[in-house]
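S.K.:
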Amino acid sequence: MKTYALGIDVGSTTVKTVVCDENGEILHSAYQRHFSKVKETVAGQLESIQGKFPDAQFRTAMAGSAGLGLANAADIPFVQEVHAAFLAVKACYPQADTVIELGGEDAKIIFLTGGVEQRMNGSCAGGTGAFIDQMATLLGITVQELDEAALKATRLYPIASRCGVFAKSDIQPLLNQGAAREDVAASIFRAVVDQTVAGLAQGREIKGNVLFLGGPLSFQKGLRKAFVETLGLSEEQAIFPEQAPVFVALGSALYADQAKDSPRTAAQLLEKVTNARATSDVVTGDVLFQSHEEYAEFVERHKRHDLKYADLRTYEGDAYLGIDSGSTTTKLVLITEDGRLLYSHYASNEGQPLDRIAAKLKQIYEDKNPNLNIRASAVTGYGEDLIKAGLSVDYGIVETVAHFKAASFFCPDVDFIIDIGGQDIKCFKIKNGAIDSIMLNEACSSGCGSFIQTFAMALGYDIAEFSQMGLFAKHPVELGSRCTVFMNSSVKQAQKDGATVEDISAGLSASIIKNAIYKVIRAKSVEELGKNIVVQGGTFLNDAVLRCFEREIGRRVIRPAISGLMGAFGAAIYAKEQAEGLGQAHSGIISPEALQNFSYTSKNVRCGGCTANCSLNIIRFSDGGRFVSGNRCEKGAGIKRDTVVPDLYTYKYDSLIQMVGKGQPANPIATVGIPMVLSFYEQLPLWYTFFTKLGFRVEISGESDRKMYFKGQHTIPSDTVCYPAKLAHGHIETLLEKKVDFIFWPCMSYNLQEPDTNNHFNCPVVAYYPELMHANHSGLNEQNFYYPYIDLNNRSHVVKVLKKTLAKYNIGGKIAKAVDEAFAAHEAFRKEMADKAQEYIAQARAEGRKIIVLAGRPYHLDKEINHGIHKLITSLGLAVVTEESVAALGEMPELHVYNQWTYHSRLYRAAQYVTTQPDMQMVQLVSFGCGIDAITTDEVRSILESNGKLYTQLKIDEINNLGASKIRLRSLLAAMTG
Amino acid sequence: MEIELGKDGYPLFTPEMKKTHTILIPMMLPIHFAILTSVFEQYGYHCEVLTNETREVVDEGLKNVHNDTCYPALLCIGQFMAALKSGKYDVNKVALMLPQTGGGCRASNYIYLLRKALKDTFPQVPVISLNFVGLEKDPRNGWSITMPEIIKTLYGMMYGDMLMSLYNQCRSAELIKGSSKKVLDRWTRRIITLLKTKSFTNTKKYYKQILADFAKIERSSVPRIKVGIVGEIYVKFSPLGNNHLEDFLISEGCEPVVPSLTEFILYYLLNKVNDAKLYGRHSASTPVFQALYKIFLGKQKETVKIMEEHGVFEPPHDFEHLVESVSQYINLGVNMGEGWLIPAEMGALAESGTENIICTQPFGCLPNHIIAKGMSRAVKERYPNANIIAIDYDPGATRVNQENRIKLMLANARTAMAEREQK
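Top line first, the protein sequences correspond to chains A and B. For the first sequence, position 135 matches number 135 in our numbering, and the numbering has no gaps at all. Take any residue in the second sequence, count from 1 to its spot, add 1000: that is its number in our numbering.
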């Protein structure tokens, strides 16, 4: 009997097998999607091996994330997949220096030369096959089409790659703004490369001969191209082995040989696998419905909330059109005077909302009764501006207000609305007939509708079918309530433990609800939600989700039958109100004739209006109109304003940057480099004065932008740290390029003391980031990087430390005086900002403007960090001041947290001050990954809300998507103006 | 029932409650905490360490704390809330205890998060802060422990360290399954009794007895892969936090090497002394910390010496040497969270032959960006053979993912071991 080696690789989405002989020659290989039927697929492949090699026995080993459990249960040796790949590489490609392998849900890198190192992505990571699948779904195309499109790209957009959810929020607005699909496709691949560099290489350079492995890299040419180009590899250096998709299986076979697994026949293995019993430690929840009768009763109850219908072909009279151009879907409704539904449409926008809506409008025009008059139209949602401009829709309306209007139609005394759509979860409380507080999901916890959809597709089901399957599941699995990436692995685990598709479907429905209630709403009890709850959004059309929601809150809710169309319906109601109020007789919406010839072209340009150089997307319509997006302020849109809206962010930022031009010594003794990062956004005046007074020339690293970030990306050791910290790497790189004599960046456990606090720490990142920089940048050493430990509260000690730090310049005698001058400059700057804030507040009041205290940290002044949110606010006509400029005017409120951080204590006082000013509201900027803000946000919210103010939180990261921020700010504005 | 409120408006743990209330403590170190509760028992406090590890623990944590809050807070608070809701306790007769370090990391806020969680459902339940820096001082506070009592507690912790270390070294090699556990249980009981007497300070004598007893356990001499566990203190030690990491390593045929709690205590004390030096912040308590540091440093040296003389088991790292080594690449000023202790322990492990290291951290832990992932490179530069893997712990992180990554590290470890054997 012949003995061969058999390697089985069970990945998260596929099963691969390889049979090879004693020389490592591959005799058989197979690659197959398993659709979560792991055991069956493995067994199937074993059967075909049995057929092909009836008289052989096999030394066997199994690898792969989903193979772990099966290997144990079937008594087959397990080999870690990266290690298996390593063995295969050593055998087949000894010349490789680095190996990059992308799998379904894992990404791995192996460094071979200069110290072997094998790494896998962490638990929060995108940039994998599943990520690419998700993105293709989002674009409404297959992965293959995505790949082909990418090869035709002409430009790249920055897309966050850390996790699929983030990337989606970058891609959606691009699509909604009409960016070319080819460019988006190429940008997606580029994001995958960036993620590999940032998340896996972590400071180690990828160079030499690079071997690319895994399914995506062997099947997708666009992805290959992105890697080769970004890493700057020559044709010889980039190796794409033919057997890449089954490489791990090959390595497992080699391992089996080395490990001397005792040979078994295929039949024996098959028996082992078939009879393998997974140990089940899966947690299950309650069934959704005990019986079909119970379900029927449930369906009957919810049927009551439906609209009346009218026929588009026969109806004569006025009608109102509402459009909701959502992030993934497009919704249209046409209603009669008395709210009957004439037409409705709900479908994916396939990445081309403008085309979809124009087509549907055309259909309405064709089908409608000639005597039907569209009296007014309104549009809401992400694509509002584009659709309004392109199709000459009469009105635009904020999503939140549209949803409120629609919900009130079904339940006039509604006090809580929750809307779960494809990408968003929106919840609002209604008080005294107005929206009182808004809760939106954050970039990283969106267990939303599209997740179920992507999952259904991955398992080979249609979404409707998949969600119905959960209704009568016997043992719904508990999947936790984290973000989608995490949920993926929970599902994986459940599958491993033998959960059925039905159980998973029901489990996913439940986790979406838990995510909404506990993460987004952050409700501790049902009482907080309200008495009259309306649920809506496409996701609630799923009965299993609705059931889970009612079950979780223990209360019955109203789900209108048009649940998925509520935004559009609200827009239609709004159009009607406006038309009636203004006496409008006909809608100005694009005419049937114009629609016949409707077309548009899109073009990308850089705005030259200011140094931000926003990337603008200009769409020209066939009627000569144009639409600009990507701009942060009016300048880019070509609008000129007569008055400048007071904006302390801009004033403070400019003051800091311009400071560097003044007071530099004529004959400097040396040049000191200061990175414009973190605490320097507050302490620049102090250190600038200190060094210039001593005769040093001060060079700052310059202004941040995305390029700056990429410049330093390869030295970032922890990719989950906040963006402000990650940006610092580019600043240090820049200073080194500028060849300064030394870079100065002190470590500070403590910041300056603020009144009425328990302590005055910096956060760990601000306090010690210089240490990390020193340890991870090979260009930094004790001679060119000074990072002394300083406590600014102890001035004599500061002098002592600085004397030691600058000993080599023999200026010890002058330091005490320079320190005094530095502190004076710091105080003066602080006072100037406080005075300016007063001036701006007075000006705003004189102009009748409301004022926003845009609260964050000093470094949120960085325009690459705040993404121009302050300009977005002023473009809405509101004045902006900073938190620290008004903190001194407030009193420390009674707190329920330990108040021990300097920057954060200002938030509390500034919030308290806001509560005393009728024309002010606070908006809090939170950097993603800021653990400390997990503590401050709840506290700031409670200070504001307990005093009748609104709380608005904007989470910001490297993603440059102002769409969500805009919705929040406009909702805030709508609520402020009543 | 009248609830007496402290000056911050929260229910106070009054002296009368000593008699009526059970103090619940979240589980962190199973061996140590058994000893800890018995010592507190001596001072008249009735304590119970929570052992609930059901799904409700995580669910309650998710419900009651902000989802970006660190995992340890989520688990501790979840454990408390699940216990209070379980019906097992009279909620009018329990108090909760959490340690508080008062440092610049979020952990100082756990107590406040817990109180927020309690506010609506269990407003009557007092929370006690276990700290040594005078946080939450109130003359009416019924929780007070004197310096001699603190010292006795710390002795208890040192005995706990000794047992933990020997237990891990033995159970991974024991030939008769369960034999190490028997010795551990016997000695845990003996130490609890010992701490009731005055002779507990005679560590030399008892260490020798403990060593001798553990040495009697029949053990395999086949070399095993040693895996060091460092990281954020809670997930590093707590089986609930790290998905029973030590047990998993044992099941993989490895020997877990867990640096002692004493090292953390020494780290904590030394920071108090160092901050005073670093920032010119001397205070009345500085000499006290200095003295305590000296005492426990001496005790640690003694432990090392006794174990070296005994010669069978791997002693802990000499703390002074560890401090000196680490300060070559990170300033001792980095002291939020576990600060410089993490790179120090990684270095010390690598130096003493435990090159495979798992760095456990709660997902999104702030200090860990700097001291764990941020220092891996520096550690590896000095110890090129160090095989370090960072594992994130989080309510959403699955065991499969964690174990798969650990298995990768182990595959590397096995290759390195095989190569060494060849040479």
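Positions of the beta carbon are idealized from the N, C-alpha and C atoms, including for glycine. Because the structure is a prediction, the values reported are computed rather than measured.
1) In three-state DSSP terms, what is K711/A?
2) Tell me the residue span of the beta strand (DSSP E) that contains K1294/B.
3) When the Cα atoms are used, what is the spatial distance from I26/A to M457/A?
4) Are there 16 or more other CB atoms within 10 angstroms of the CB of A125/A, so buried, or fewer, so exposed?
5) Figure out for me which residue from I521/A, L752/A, I463/A and S348/A has the closest Cα to the Cα of I418/A.
6) For the alpha helix (DSSP H) holding N794/A, just list the boundary residues, first then last.
7) Starting from the Cα of I1357/B, find the closest Cα among V1400/B, L1410/B and V1312/B and give me that residue.
8) Quick one, which of L684/A, Y461/A, F472/A and T805/A has its alpha-carbon nearest I657/A's?
9) Pick helix, strand or coil for S445/A, following the three-state DSSP scheme.
10) Tell me, to the nearest whole angstrom, how far the beta carbon of A66/A is from that of G7/A; I am working on the premise that it is less than 8 Å.
11) If you compare alpha carbons, which of T805/A, R795/A, Y840/A and E832/A is closest to D820/A?
12) Answer with buried or exposed for S325/A, where buried requires no fewer than 16 other C-beta atoms within 10 angstroms of its C-beta.
13) Taking C-alpha atoms, which residue in Y343/A, A179/A, A249/A and H83/A lies nearest to V15/A?
14) Can you list, in chain order, the residues of its chain whose CB lies under 8 Å from that of G1009/B, leaving out five sequence neighbours each side?
15) Are A238/A and V228/A touching if we call contact CB-CB under 8 Å?
16) Beta carbon of Y1234/B, beta carbon of P1072/B: below 8 Å?
17) Find the residues of chain A that neighbour K1272/B, judging by a C-beta separation of less than 8 Å, and give them in chain order.
18) Determine, using beta carbons only, whether M120/A comes closer than 8 Å to chain B.
19) Tell me, please, which residues DSSP counts as bridged to M62/A.
20) On the three-state DSSP scale, how would you describe G567/A?
21) Answer with buried or exposed for A855/A, where buried requires no fewer than 16 other C-beta atoms within 10 angstroms of its C-beta.
22) When the Cα atoms are used, what is the spatial distance from L1024/B to L1050/B?
23) Given D367/A, which residues of its chain have a CB within under 7 Å of its CB, disregarding the five upstream and five downstream residues?
24) Do you know offhand how far D647/A's Cα is from G178/A's?
25) Mind pulling the chain A residues with CB within less than 8 Å of H1479/B?
26) Throw me the rounded Cβ distance for the L1166/B and I1210/B pair, which I believe falls under 8 Å.
27) Below 8 Å between beta carbons is the criterion; list the residues of the stretch 757-776 of chain A that meet it against any residue of chain B, in chain order.
28) Quick check on G624/A: buried or exposed, where buried means 16 or more other Cβ atoms within 10 Å of its Cβ?
29) So, with DSSP's three-state summary, where would you put A964/A?
30) Spatial neighbours of A63/A within its chain, please: CB distance less than 6 Å, with the 5 preceding and 5 following residues excluded, ordered by chain position.
31) Pairing CB atoms from the stretch 1055-1074 of chain B with CB atoms from the stretch 1190-1198 of chain B, are three or more of them under 8 Å?
32) For the alpha helix (DSSP H) containing C1170/B, name the first residue and the last one.
33) Counting along the chain, where does the alpha helix (DSSP H) carrying T274/A start and finish?
34) Quick one: give me the first and last residue of the alpha helix (DSSP H) that G984/A is part of.
35) Just checking my contact of G1142/B with P1015/B at CB under 8 Å: how many whole Å lie between their CB atoms?
36) Please name the residue or residues paired with H302/A in a DSSP beta bridge.
M.R.: On the basis of the coordinates in this document:
1) Start at 1 with the first residue of the first sequence, and residue 711/A comes out as number 711. In the structure shown, the three-state DSSP call for K711/A is helix.
2) Start at 1 with the first residue of the second sequence, and residue 1294/B comes out as number 294. Premise fails: K1294/B lies in the alpha helix (DSSP H), T1286 to H1310, not in any beta strand (DSSP E).
3) On the first sequence, residue 26/A is found 26 positions in, with the first residue counted as 1. On the first sequence, residue 457/A is found 457 positions in, with the first residue counted as 1. When rounded, the distance between both Cα atoms is 33 Å.
4) Stepping through the first sequence from its first residue, residue 125/A is reached at position 125. Legend: pLDDT at A125/A = 49, less than 50; position of this residue unreliable, value from coordinates given subsequently. Buried, because 16 or more other Cβ atoms sit within 10 Å of the Cβ of A125/A.
5) Within the first sequence, the letter at position 418 stands for residue 418/A. Cα-wise, what sits closest to I418/A is I521/A.
6) Mapped onto the first sequence, residue 794/A falls at position 794. N794/A -> no alpha helix (DSSP H), and no H or E assigned at all.
7) Working through the second sequence from its first residue, we reach residue 1357/B at position 357. The shortest C-alpha separation from I1357/B is found at L1410/B.
8) Your numbering for residue 657/A matches position 657 in the first sequence. Nearest C-alpha to I657/A: L684/A.
9) By 1-based counting over the first sequence, the position of residue 445/A is 445. The predicted position of S445/A is uncertain, since its pLDDT is 43 and thus under 50; no value can be drawn from it.
10) Here residue 66/A refers to the residue found at position 66 when the first sequence is read from its first residue. Here residue 7/A refers to the residue found at position 7 when the first sequence is read from its first residue. In fact, because the Cβ distance is near 15 Å, the residues do not count as touching under 8 Å.
11) Counting from 1 along the first sequence, the entry for residue 820/A is found at position 820. Taking only the C-alpha atoms, the option nearest D820/A is R795/A.
12) On the first sequence, position 325 is the one that residue 325/A refers to. So S325/A ends up on the buried side.
13) By 1-based counting over the first sequence, the position of residue 15/A is 15. Taking only the C-alpha atoms, the option nearest V15/A is A249/A.
14) Taking the first residue of the second sequence as 1, we reach residue 1009/B at position 9. Cβ neighbours of G1009/B beyond the five flanking positions: none.
15) In the first sequence, residue 238/A corresponds to position 238, counting from 1. In the first sequence, residue 228/A corresponds to position 228, counting from 1. In contact: A238/A and V228/A (Cβ atoms closer than 8 Å).
16) Against the second sequence, residue 1234/B aligns to sequence position 234. Against the second sequence, residue 1072/B aligns to sequence position 72. Contact flag set, yes.
17) Here residue 1272/B is taken as the residue at index 272 of the second sequence, counted from 1. Within chain A, no C-beta atom comes less than 8 Å from the C-beta of K1272/B; the nearest is roughly 12 Å away.
18) Counting from 1 along the first sequence, the entry for residue 120/A is found at position 120. Yes, contact with chain B.
19) Here residue 62/A refers to the residue found at position 62 when the first sequence is read from its first residue. M62/A is bridged by DSSP to I8/A and F78/A.
20) Locating residue 567/A in the first sequence gives position 567, counting from the first residue. G567/A sits in a helix when the DSSP states are folded into three classes.
21) Taking the first residue of the first sequence as 1, we reach residue 855/A at position 855. With 16 or more neighbouring CB atoms inside 10 Å of its own CB, A855/A falls in the buried class.
22) Walking along the second sequence from the start, residue 1024/B turns up at place 24. Walking along the second sequence from the start, residue 1050/B turns up at place 50. Their backbone Cα atoms lie some 7 Å apart in a straight line.
23) If you number the first sequence from 1, residue 367/A lands on position 367. Hits under 7 Å: L312 and R313.
24) Start at 1 with the first residue of the first sequence, and residue 647/A comes out as number 647. Start at 1 with the first residue of the first sequence, and residue 178/A comes out as number 178. Rounded to the nearest whole angstrom, the CA to CA distance from D647/A to G178/A is 31 Å.
25) Chain B is shown from 1001 up to 1423; residue 1479/B falls before or after that span and cannot be answered.
26) As a working note, residue 1166/B is residue 166 in the second sequence. As a working note, residue 1210/B is residue 210 in the second sequence. That pair is a contact at about 7 Å.
27) If the cut-off is 8 Å between Cβ atoms, the stretch 757-776 of chain A has N759, F761, N762, C763, P764, V765, A767, Y768, Y769, E771, L772, A775 and N776 near chain B.
28) As a position in the first sequence, residue 624/A is number 624, starting the count at 1. Its Cβ having fewer than 16 others within 10 Å, G624/A is exposed.
29) Stepping through the first sequence from its first residue, residue 964/A is reached at position 964. Per DSSP, reduced to three states, the secondary structure at A964/A is helical.
30) As a working mapping, residue 63/A is identified with position 63 in the first sequence. Closer than 6 Å at Cβ, skipping near neighbours: D9, V79, E81, A84, V248 and S252.
31) Contact between the stretch 1055-1074 of chain B and the stretch 1190-1198 of chain B is absent, because fewer than three Cβ pairs lie under 8 Å.
32) On the second sequence, position 170 is the one that residue 1170/B refers to. Annotation: the continuous alpha helix (DSSP H) that includes C1170/B extends over M1147 to R1171.
33) Looking up residue 274/A in the first sequence gives position 274. Per DSSP, the unbroken alpha helix (DSSP H) holding T274/A starts and ends at A266 to T274.
34) Not covered by the structure: residue 984/A. The range shown for chain A is 1 to 978.
35) On the second sequence, residue 1142/B is found 142 positions in, with the first residue counted as 1. On the second sequence, residue 1015/B is found 15 positions in, with the first residue counted as 1. With 8 Å as the limit, G1142/B and P1015/B qualify as a contact, their Cβ atoms being about 4 Å apart.
36) Residue 302/A sits at position 302 when you count from the first residue of the first sequence. Answer is none; H302/A lacks a bridge partner.
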